[in-house]
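**Student:** Residue -13 is where the sequence shown starts when you use this note's numbering, and the numbers rise one by one after that. Where a beta carbon is used, it is the ideal one built from N, C-alpha and C, also for glycine.
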Amino acid sequence: MHPMLNIAIRAIRKAGTIIAKNYEVLADARGKNIYLKNEYFININYKVATIINTIVQRSYPHHNFFYAKINKKIEKKSHFTWIINPLDGINNFIKCFPYFAISIAIQMKNKTEAAVIYDPIRNELFTAARGRGAQINGFRLRCSKSTELKHAIVAINFLVNSKKKYIFKFNLVKKLLDKDIDLRCTGSSALNFAYLAAGRIDADIAMDMAPWNIFSGELLIRESGGLVTDFRGSNNYLQSESLISGNAKIVKLLFMEIHQTL
-13 MHPMLNIAIR
-3 AIRKAGTIIA
7 KNYEVLADAR
17 GKNIYLKNEY
27 FININYKVAT
37 IINTIVQRSY
47 PHHNFFYAKI
57 NKKIEKKSHF
67 TWIINPLDGI
77 NNFIKCFPYF
87 AISIAIQMKN
97 KTEAAVIYDP
107 IRNELFTAAR
117 GRGAQINGFR
127 LRCSKSTELK
137 HAIVAINFLV
147 NSKKKYIFKF
157 NLVKKLLDKD
167 IDLRCTGSSA
177 LNFAYLAAGR
187 IDADIAMDMA
197 PWNIFSGELL
207 IRESGGLVTD
217 FRGSNNYLQS
227 ESLISGNAKI
237 VKLLFMEIHQ
247 TL
């Protein structure tokens, strides 16, 4: 196994216990109609980040680190950077909707070499190392081989932040539903990518994606045999913040549908 991936797994599992325990506390509080303050959830992000940082820095004290959500950076002028999202799908977590995850991407010179996505509720660990494939709990992952849009399951991940984009998204969703495509919106981009790599869904369409939400999932998808492209058919999705992913046939079909909507 990739040595850095080994450390990432150890760190993410430890961090996952914090999220799982706090989820139980939150579920119990909601059952009693007790609603916790926003500071509680901010603190969880910090706790997760601290645990991961402590474990990883024991082995790699000279690496760079970036923590999403809390916007913390540790710059050491290294070729290696660890990009951590402590809690992807935090709104789901707040509502006790059990679809959220921790993600870690390890980059060398801005190229993702290893990735981990962990669902602490289901104890599902999705891992990938460049050129070595992708796995879930040690078993090989392969993306869906579906070649038709009809009855395909497609995850969508949209943020509405402008009237123009809202209209485009509305028209695109209508077009996809008209094609008998079964849409899913989990509220966690990390799990969307992980489920795509596992073949549980056939494709994913995302817009307004922050780069840290893409890195780990992108490697998982590629290492499971899938493709990732932007709405123009190029690899510019980090700048455009929009992407299509799935197997080659499904991506091509969705690309055509999107272009008819643009």
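Taking the continuous beta strand (DSSP E) assigned at F241, which residues delimit it?
**Tutor:** Looking at the DSSP string, F241 is not in any beta strand (DSSP E); the run it does join, the alpha helix (DSSP H), is A234 to T247.
**Student:** Output the distance between the C-alpha atoms of N50 and R116, rounded to the nearest integer angstrom.
**Tutor:** When rounded, the distance between both Cα atoms is 19 Å.
**Student:** Please state whether the Cβ-Cβ distance between S210 and A87 is less than 9 Å.
**Tutor:** Cβ distance not < 9 Å, so S210 and A87 don't count as in contact.
**Student:** Verify whether the separation of the beta carbon atoms of R208 and A114 is less than 9 Å.
**Tutor:** Yes. Within cutoff.
**Student:** Quick check on the burial criterion: 16 or more other C-beta atoms within 10 angstroms. Buried or exposed for C171?
**Tutor:** It is exposed - the Cβ of C171 has fewer than 16 other Cβ atoms within 10 Å.
**Student:** In the DSSP assignment, what are the bridge partners of Q281?
**Tutor:** Because residue 281 is not part of the residues shown, which for the chain are -13 to 248, the question remains open.
**Student:** Apart from the five residues on each side of it in sequence, which residues of its chain come closer than 7 Å, Cβ to Cβ, to I302?
**Tutor:** Residue 302 lies beyond the range of the chain shown here (-13 to 248); nothing can be said about it.
**Student:** With a 10 Å radius around its C-beta and 16 neighbouring C-beta atoms as the bar for buried, classify A266 as buried or exposed.
**Tutor:** Within the shown structure, residues of the chain are numbered from -13 to 248, placing residue 266 beyond reach of any answer.
**Student:** Determine, using beta carbons only, whether S130 and L182 come nearer to each other than 9 Å.
**Tutor:** Yes, the Cβ-Cβ distance between S130 and L182 is below 9 Å.
**Student:** What number of angstroms, rounded off, separates the C-alpha of K165 from the C-alpha of A180?
**Tutor:** Computed Cα separation, rounded: 25 Å.
**Student:** Which residues in the same chain have their Cβ closer than 7 Å to the Cβ of S45, if we skip the five residues on either side of it in sequence?
**Tutor:** Counting only Cβ-Cβ distances below 7 Å, and skipping sequence neighbours, we find I(-7).
**Student:** Return yes when the Cβ of G232 is within less than 9 Å of the Cβ of A189, no when it is not.
**Tutor:** Closer than 9 Å, so yes.
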